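Chemist: Sharing a structure here in structure tokens format.
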Amino acid sequence: MKVSYYPGCTLKTKARNFETSALAVAEKLGIELIELSRWNCCGTVFSLTDDDLIHHVAPIRNLIRVQEMNKNGLVENDHRLVTLCSMCYNTLKRANIRVKEKPDDLKKINDFMYLEEDYKGNVEVIHFLELIKDIGFEKIKENVTNPFKGLKIAPYYGCMLLRPKEVGIDDPEEPVIQEELIFALGAEVIDNPYKKVCCGSYQTIRDKQVVSNLAYDILTHAQNAGAEAISLSCPLCAFNLDSRQKEIKEKHSDFTRIPVFYFTQLMAIGFGLNEDYYGFDLNYVNPEPLLKEKNLIGRNNAK
Amino acid sequence: MIKKLKLSDKNVDFLKKIEELSGEVITRCDQCGICSASCPMVSEMDITPSQLMRMVQLGESEVMESKAMWLCASCFTCTVRCPRGLDLSKVAEALRQVELRQAIDHIDVKKLSKDEMKRLPQIALISGMRKFTG
Amino acid sequence: MKKDSRARIGVYVCHCGGNISEVVDVEEVVGFAGKQPGVILSKNHTHMCSDIGQQLIIDDIEEHDLDKVVVAACSPQFQGETFMRVLETAGLSPYVVQMANIREQCAWPHFDTPELATKKAKELVNAAIAKVRFSEPLEKKTMPIGKRVLVIGGGIAGIQASLDLGDAGFEIYLVEKEPSIGGHMAQLSRTFPTEDCSACILSPKMADVQSNPNINLLTYSEVENVEGYLGNFKVKVTKKPRYVDMDKCVACGDCEEVCPVDIPDEFEEGLTTHTAIYTPFGFAVPHRNLIDPEACINLQRDINSCGNCIEVCKEDAINFNDKPEEIEFTVDTIIVATGYDIFNPSEKKVYGYDKFKNVITALEMERMIVKAAEGNPIRDPGKRIGFIQCVGSRDEQVGREYCSRVCCMYATKLASLLKHSKPERDIYVFYTDLRAFGKGFEEYYKRAQNMGVKFIRGRVAEVMEDSGSNKVILKAEDTLTRQIIEAEFDTVVLSVGMGLSKSTDKIAEMLRLAKSEDGFLKEAHPKFKPVDTNREGIFLAGTVQGPKDIPDTVAQASAAASRAVRLMNQREYPIEPIVAFVHEEQCDGCELCIDSCPLNAISISAEVAEVNEALCRGCGSCVASCPRDALDLHMYTNKQLLEEIKNALEGKEEGETRILVVADDTCTYRLADSVGTAKLSYTTDSIIIRVPSGSRITPKLMLAAFKLGADGIFIGECEDRTSPFPHSGQVIRENITKVREILKEEGIKPERLRFVQFVTIMLKGFVDNVNGLVNYAREAGAISPEKREKLVENVNKRLFGEEYD
């Protein structure tokens, strides 16, 4: 199966490990993620003021590229656009909803981009987790050669995968999609209500203390519930929950660092893929000691 | 000090401006407080989100002096819980835009340390600039 | 005076003691009327409605052999029935009198232009003469009605309605789907604000139902089908098998002691269990055992797997071969009292009802209080207890915008009872608005405050659990102090709201009852017919119509009973003469009309359409559906309306403008009367055509009106929610769309045809709309006779398609 795939800026740089692991596990599942040709930045946040159309131009232009992918035969009559970064997912999907609901807005945006072909409103923006759910967690289970026996993982959703409702990939108050994935990988799921609490997002550039306070709450609640690792899907959440552990440790000396994974990294480990795909060099808290302790890496089973 | 609230046409105009920018009917808010208790940032704020809504309802432009909307992380928790179906994050954005459209920035990227700049992912910088600069 | 072989019409013009004659030149109108074809005599009188005026008509009918009468006076809303009686007294059909409304719709609104008013009065009289000329001397029809009532639902509403009717000597079939009557009220601890023990006040009423000789109690039974209409509803009920012979069982309880199966007790909200053979609850009616077939080993597996109950039953009452039983009977009226379901708190995931042990519903708390009072406490709710209000009410996130009306007070009650039994308890009620509107409610709320119950104005955002202690953590804003509360509670009670009960959906569909926007069943009129429905002879009682407390439910149940009695005590029920009928020679049985009737009153029999007069309510919207003009409406036949319109437009002179105002009887016609009474002036270039519903004016009639000289047509109709015909707005819009297309094709501005839905207080709206269309028509200019003529060419083909040409 070939599907158009939108990486976004961060997946090419600070979250390269997210992309590398995702492409590898997708391939293992028989999905070919074809990178969108000539993609541009989505703008990272959906413009919330009613009169501000200009900021929807960037996401919509990316949707036009999906039409082109079909026209050029890079994908076969498949108007889905798969995203990995939660922020890109949210921005693209919400812009798509807005222009579908308001044809007048779409017309203005199309007119503005007079050099592009018109966006016809037929693209469906999905998140990689949704694609996995469609394939079925049974299929995931079948591919697990290196089960996470006994590792306690707390899924973390943050905001952009769940809210607002019309964009969310799951119930905004009681999501289970990551739980099902983690369970399929053979790990123990640690539930706690902070899984949907905001990490502070872009506040991280304005006031890192506010964000590290929130991250501290989120991480310690997961730890108190028994978690040994966190699973997530957003490079900004990853930064705030992983990298900001530096600031947390400075303030709370008794804090124990906890590894933070992209869910695709966990899948790559579970599928027993080559360790080159894990990309732990970009993780702030090195997960290798934990994984070694659980006998999940360092054996000769990696292909 | 207890302040006296005067209700003038200016108040009506302010409400109208925010309602137009946000696209939300702010007078529908019935002040139940579910937004405040849902807000992950509320402990950092000087007024609660419901108080912010109240001030906009009554057209108190002093709300602009608050830092509440600058602490909003657009997490949409209030949005999915509001029993009146209001989107508070749009109201917060409208309040921010009132200042940002006058080119009053709320962050100076140049002041970020070299180390921070190296650490921060692109999406943090771009979204921060979108939310805090005009 | 001219003679007409078909009709001998008498015209009477009333002065109304000057109300009319001070504006309208009555003599001139009398003279004009006398010259019209078929008019035998034309007279005037100062007060036509007086005894002398009435006698005048009776004498003239006798002396001059009149067979039709026109009274030009006030609105038929006021004196229509008077003159119908006059005709009956004189031995004529009451339906061959027509009133020309020259007071409310002429003298009063046109008081400032007397000459134009006189001209318009002549037009109104001329239109009435045309209409009466083709009126049919219908006979008054009645239908027999008996004294049998089906009450669906055995909660307090159904119980009250059944007892009222049973005591009054009516024959009741009370059908309850559960094994006992009693409903939700039987589960409650005490009732607010008086704190009467619920079971204590309910159980005598339940016993009365059983002992009342006029009530046939059918428990554990469901209504499968209802067909027919007022006075003749054929009902099919299925009685589910109980597997215990009710006549033999004495509910001794021996069987329960030996039954090996335990299942959650629904009456106890699943907090305790009962055996597979059980009695519903302590004061159940009927108080007999039954077997739950889903739980019983014998019924689930092999018939010989257990048999413990058979062995111990001294009465030999157990019968594993029991089968469902079908019962059929006929009733005259129906009362629907199927009640409510509590909101399922699992839908509100953020409150963790499914996840946390110490988060319970208010109904569970009711049972916990009852059990504790009986000396069998289920568990202690602990010291600090929080109530979350508005769970499943006033919340767009779960699609329920309405207030459930009882939760504020029941939470206050539960808090008071908990505090009363252990004063050291620390109780908080988190509310959005505290609504204590009923009799004694505010005082009761104050009493709870006196006892130390704390009310916090803030809606709870989220519920968490301390996994170690199982204590519940609530998060809310105290909006009065703007503080965020995040505190631990031993028990959290969800004050769940009310929603229409699931089982009602089937009943509503079966009976074709309408629903309101909130999902509850809809009353016929929110003010004046609060327990009637869109179906004649079917009434609503209790929470099926909307959330309400026990006193309101009981009051409504008694109201429903009395509305049913109002119909049934007449023995014969008069049928409105305004019903659809079929010109059989024109009908080809094409069935196009079948779907046009929302009441399913039209069927095909012997290859022609047939109208069920008992079901037809006379809106006339079916007429437009027939390409052969085979369907018609008594009192407003195609011929009558066409002639009325023709004569109404006859007075239009060269260069003048005329619009027709098609006014539905319920709203627009009355509204026009109110406009006249208020002496609000509008243009005389308009003339009102009265119809039961705007949907009666078919596209063909609209086109004919344009052909005959109308420069605009304005259709006024009730708003859907207040209309006796809620479907009519849709029909009118469809009709108008078709006609506008044809107008456009012929180069006539489609805006000449307009439609507005009115409420009867929109006086100025009426005036503005009428003046607005006249002005528009004037500015648009005259329509050429050629264009008018072309409108009615190939009209069937244009309206219905090639095959109907």
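Protein chains in written order, with the numbering used here: chain A, 1 to 303; chain B, 1001 to 1134; chain C, 2001 to 2805.
Cβ atoms here follow ideal geometry from the backbone N, Cα and C, with glycine treated the same way.
In this text the structure is predicted, and so the values were computed from the model without any measurement.
1) What does DSSP give as the partner residue(s) for I2659 (chain C) in the beta ladder?
2) M2464 (chain C) touches chain A at which residues, Cβ-Cβ below 7 Å?
3) Please confirm whether D171 (chain A) has its beta-carbon closer than 9 Å to some beta-carbon of chain D.
4) Quick check on Y114 (chain A): buried or exposed, where buried means 16 or more other Cβ atoms within 10 Å of its Cβ?
5) Which same chain residues end up closer than 7 Å to E2613 (chain C) when comparing Cβ atoms and leaving out the 5 residues on each side of it in sequence?
6) Taking only runs that begin and end inside the segment 2426 to 2470 of chain C, name each unbroken beta strand (DSSP E) of 3 or more residues, in chain order.
7) Using 8 Å for Cβ pairs, my map puts T2479 (chain C) next to Y2445 (chain C). What's the rounded Cβ distance?
8) I need the straight-line Cα distance from A2100 (chain C) to N2126 (chain C), nearest angstrom please.
9) For C2808 (chain C), which of C:L2494, C:Y2095, C:V2023 has the nearest alpha-carbon?
10) Classify P316 (chain A): buried if its beta carbon has 16 or more other beta carbons within 10 angstroms, exposed otherwise.
11) Quick one: what's G2262 (chain C) bridged to in DSSP?
12) Are the CB atoms of S2135 (chain C) and V2151 (chain C) within a distance shorter than 9 Å?
13) Measure the CB-CB distance between T2361 (chain C) and R2394 (chain C) and report whether it falls below 9 Å.
14) Could you give the distance in angstroms between the alpha-carbon of L131 (chain A) and the alpha-carbon of L162 (chain A)?
15) Using a Cβ-Cβ distance under 9 Å, would A1092 (chain B) count as near chain C?
16) Between the beta-carbon of D2518 (chain C) and the beta-carbon of A2524 (chain C), is there less than 9 Å?
17) Between the C-alpha atoms of D2167 (chain C) and A2130 (chain C), what's the straight-line distance to the nearest angstrom?
18) Quick check on C2200 (chain C): buried or exposed, where buried means 16 or more other Cβ atoms within 10 Å of its Cβ?
19) Compute the Euclidean distance between the alpha carbons of A58 (chain A) and I109 (chain A), then round it to the nearest angstrom.
20) Give the interface partners of V1135 (chain B) over in chain C, defined as CB-CB distance under 7 Å, in chain order.
21) Short of 6 Å in beta carbon distance, which residues of its chain neighbour Y2229 (chain C), apart from the five on each side in sequence? Order them along the chain.
22) Indicate whether at least one CB of chain C lies closer than 9 Å to the CB of A225 (chain A).
23) Cα separation between E2266 (chain C) and C2255 (chain C)?
24) Give the C-beta separation of F2766 (chain C) and F2755 (chain C) to the nearest angstrom, bearing in mind that I take them to be a contact with Cβ-Cβ under 8 Å.
25) In this structure, how does DSSP classify P2574 (chain C) when only helix, strand and coil are distinguished?
26) Starting from L2163 (chain C), follow its DSSP beta bridges and name the residues at the other end.
27) Could you please give me the residues that DSSP links to Y2229 (chain C) through a beta bridge?
28) Roughly how many angstroms lie between the CA atoms of I2507 (chain C) and G2458 (chain C), to the nearest whole one?
29) Using a Cβ-Cβ cutoff of less than 6 Å, which residues in the same chain neighbour A2811 (chain C) once the five nearest sequence positions on both sides are dropped?
30) Have a look at R2301 (chain C) and E2268 (chain C) and give me their C-alpha separation to the nearest angstrom.
31) Please compile the residues from chain B whose C-beta is within a distance smaller than 7 Å of the C-beta of A2477 (chain C).
32) Mapping the DSSP letters down to three states, classify E32 (chain A) as helix, strand or coil.
33) Would you call the segment 2273 to 2292 of chain C in contact with the segment 2201 to 2213 of chain C, where contact means no fewer than 3 C-beta pairs closer than 8 Å?
34) Which residues in the same chain as M225 (chain A) place their Cβ atom closer than 8 Å to its Cβ, once the five residues preceding and following it in sequence are excluded?
35) With a Cβ-Cβ cutoff of 9 Å, do V2013 (chain C) and S2042 (chain C) count as a contact?
36) Would P287 (chain A) count as contacting chain B if we go by Cβ distances under 9 Å?
Modeler: Here's the rundown:
1) Answer is C:S2686, C:G2712, bridged to I2659 (chain C).
2) Near M2464 (chain C) (Cβ distances below 7 Å), the residues of chain A are P193.
3) In the structure shown, chain D cannot be found, because the protein chains are A, B and C.
4) A residue is called buried once 16 or more other Cβ atoms fall within 10 Å of its Cβ, and Y114 (chain A), having fewer, is exposed.
5) Setting aside the 5 residues that flank it on each side, E2613 (chain C) is surrounded in the same chain by I2575, V2579, each with a C-beta closer than 7 Å to its C-beta; the list follows chain order.
6) The qualifying runs are 2426 to 2431, 2454 to 2457, 2460 to 2465.
7) So it is not a contact: roughly 18 Å between Cβ atoms.
8) About 9 Å.
9) In this structure chain C extends from 2001 to 2805, so residue 2808 (chain C) is not present and cannot be described.
10) As displayed, chain A neither begins before 1 nor continues past 303, which places residue 316 (chain A) out of reach and without an answer.
11) Sequence check: residue 2262 (chain C) is Asp here, not Gly. Residue pairing of D2262 (chain C) in beta bridges, as defined by DSSP: C:T2275.
12) In this structure, V2151 (chain C) lies away from S2135 (chain C), with their beta-carbon atoms at least 9 Å apart.
13) No.
14) So the alpha carbons of these two residues sit roughly 16 Å apart.
15) A1092 (chain B) is outside the set of residues whose beta carbon lies under 9 Å from a beta carbon in chain C.
16) Not a contact, by the Cβ cut-off of 9 Å.
17) Computed Cα separation, rounded: 53 Å.
18) By the 10 Å Cβ count, C2200 (chain C) comes out exposed.
19) Cα-Cα distance, rounded: 10 Å.
20) The displayed coordinates of chain B run from 1001 to 1134. Any statement about residue 1135 (chain B) would go beyond what the structure contains.
21) Sequence-distant partners of Y2229 (chain C) (beyond 5 residues in either direction) whose C-beta falls short of 6 Å from its own C-beta, in its chain, are A2614, L2615.
22) Yes, because at least one Cβ of chain C sits closer than 9 Å to the Cβ of A225 (chain A).
23) C-alpha of E2266 (chain C) to C-alpha of C2255 (chain C): approximately 19 Å in a straight line.
24) In fact, because the Cβ distance is near 14 Å, the residues do not count as touching under 8 Å.
25) Reduced to three states, the DSSP call for P2574 (chain C) is strand.
26) Answer is none; L2163 (chain C) lacks a bridge partner.
27) Partner(s): C:N2232.
28) Rounded to whole angstroms, the gap between the alpha carbons of I2507 (chain C) and G2458 (chain C) is 39 Å.
29) Here chain C has residues from 2001 to 2805 only, and residue 2811 (chain C) is not among them.
30) Taking the straight line from one Cα to the other gives about 27 Å.
31) Per the sequence shown, the amino acid found at residue 2477 (chain C) is Glu instead of Ala. What E2477 (chain C) touches in chain B: G1033, S1036, A1037, T1048, S1050.
32) Correct three-state label for E32 (chain A): strand.
33) The segment 2273 to 2292 of chain C is in contact with the segment 2201 to 2213 of chain C.
34) The sequence as given places Ala at residue 225 (chain A); Met does not occur at that position. Only A154, I190, D191, N192 meet the Cβ criterion.
35) In contact: V2013 (chain C) and S2042 (chain C) (Cβ atoms closer than 9 Å).
36) With 9 Å as the cut-off, P287 (chain A) does not count as an interface residue toward chain B.
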